[in-house]
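Counting in my numbering, the sequence shown runs from 1 upward without gaps.
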Amino acid sequence: MAGFPLVVAITGASGIMYGVRMVEVLSKLKRKVFLMITKPARKVMEVETSLKAQSFAKENFWEDLFDPAARKYITYFDYQDVSTIPASGSYRTGGMIVAPCSGATLSAIAHGSSRDLVERAAEVTIKEGRKLILVLRETPLSAIYIENMLKLARIGVHILPASPAFYQRPEEIGQLYDFIVGRVLDLMEIEHNLFKRWSKS
Ligand SMILES: Cc1cc2nc3c(=O)[nH]c(=O)nc-3n(C[C@H](O)[C@H](O)[C@H](O)COP(=O)(O)O)c2cc1C
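Here it is in structure tokens:
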């Protein structure tokens, strides 16, 4: 599935930069990205990035998150438009990454409710037997949340908590994003150089 676009959804959990960095890295690797950003994610963006409330009045607000070189590889989809290609299993993709993934989206995927494009694209990814990776961010975890994770893990969905390692002694925040983005790329079997691997023998 190397040449097919990867679907990346940014939802309303804390850690928006995990998703932004994911798209940046994929575009540097010349991978096409189908990007969707939920409305709650925009709220979190206001808090966690330089985008301001008024930025979201523009339809192409997402362009402000990426440089022009990265934008060449991105196709942006309105997260409410379930008539677009990521909603159909007949359109082939290389899989889907939800980063960060909220507990609300986790629940919707676990229950197959598919009420927006993010949820529908995830349902399609599962039914077509493609890789789905959820970069979850919540703490502490309720039993409901844990049951939703377990339900999806049992059918092969990759549960990848936004829980960076510290054994590389990170000195800047970007190294924390890159550790998580790198672990997602590992699961997608995409080569990268985003962090130093544990090498003690
Ligand atoms: C500033 C802010 C931070 C949030 N952080 C989280 C979080 O870390 N994890 C989470 O599951 N929800 C978080 N939420 C709540 C979600 O945004 C909310 O449940 C929303 O309905 C998720 O919708 P979505 O999955 O469609 O984006 C946060 C909300 C705000 C405004």
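Don't be surprised by glycine CBs; every beta carbon is placed ideally from N, CA and C.
Whole-angstrom Cβ separation of residue i and residue j, contact assumed at under 8 Å?
{"i": "Ala41", "j": "Gly12", "result": "5 Å"}
{"i": "Leu134", "j": "Val118", "result": "With a Cβ gap of about 11 Å, Leu134 and Val118 do not count as contacting."}
{"i": "Leu35", "j": "Phe4", "result": "Not confirmed; about 15 Å, so no contact."}
{"i": "Ala87", "j": "Val124", "result": "7 Å"}
Taking the alpha-carbon positions, what's the residue i to residue j distance?
{"i": "Pro68", "j": "Trp62", "result": "12 Å"}
{"i": "Lys30", "j": "Met188", "result": "15 Å"}
{"i": "Trp198", "j": "Phe179", "result": "12 Å"}
{"i": "Ile74", "j": "Met149", "result": "29 Å"}
{"i": "Tyr145", "j": "Asp64", "result": "33 Å"}
{"i": "Met1", "j": "Gln80", "result": "With a pLDDT of 49 at Met1, under the threshold of 50, the predicted position of this residue should be treated as unreliable, and no value is reported."}
{"i": "Arg154", "j": "Ala122", "result": "15 Å"}
{"i": "Ile97", "j": "Ala9", "result": "6 Å"}
{"i": "Ile85", "j": "Gln54", "result": "29 Å"}
{"i": "Val47", "j": "Glu147", "result": "29 Å"}
{"i": "Lys28", "j": "Ala70", "result": "7 Å"}
{"i": "Ser201", "j": "Tyr167", "result": "15 Å"}
{"i": "Ala104", "j": "Arg137", "result": "11 Å"}
Once DSSP output is grouped into helix, strand and coil, what is the label at residue i?
{"i": "Ile126", "result": "helix"}
{"i": "Phe61", "result": "helix"}
{"i": "Ile133", "result": "strand"}
{"i": "Phe56", "result": "helix"}
{"i": "Leu209", "result": "For residue 209 there is no data in the structure shown, the boundaries of the chain being 1 and 201."}
{"i": "Tyr167", "result": "coil"}
{"i": "Pro68", "result": "helix"}
{"i": "Ser201", "result": "coil"}
{"i": "Leu141", "result": "coil"}
{"i": "Val98", "result": "strand"}
State the start and end residues of the unbroken alpha helix (DSSP H) segment that holds residue i.
{"i": "Leu51", "result": "First-last for Leu51: undefined, no H or E at that position."}
{"i": "Leu204", "result": "With the chain covering only 1 through 201, there is no way to say anything about residue 204."}
Which stretch, first to last residue, makes up the beta strand (DSSP E) that contains residue i?
{"i": "Ala9", "result": "Leu6 to Ile10"}
{"i": "Tyr76", "result": "Ile74 to Phe77"}
Residue i CB to nearest chain D CB: under 8 Å?
{"i": "Gly3", "result": "Here there is only one protein chain, and chain D is not present."}
- Counting pairs of Cβ atoms below 8 Å between the stretch 126-144 and the stretch 165-175, do you hit three or more? no
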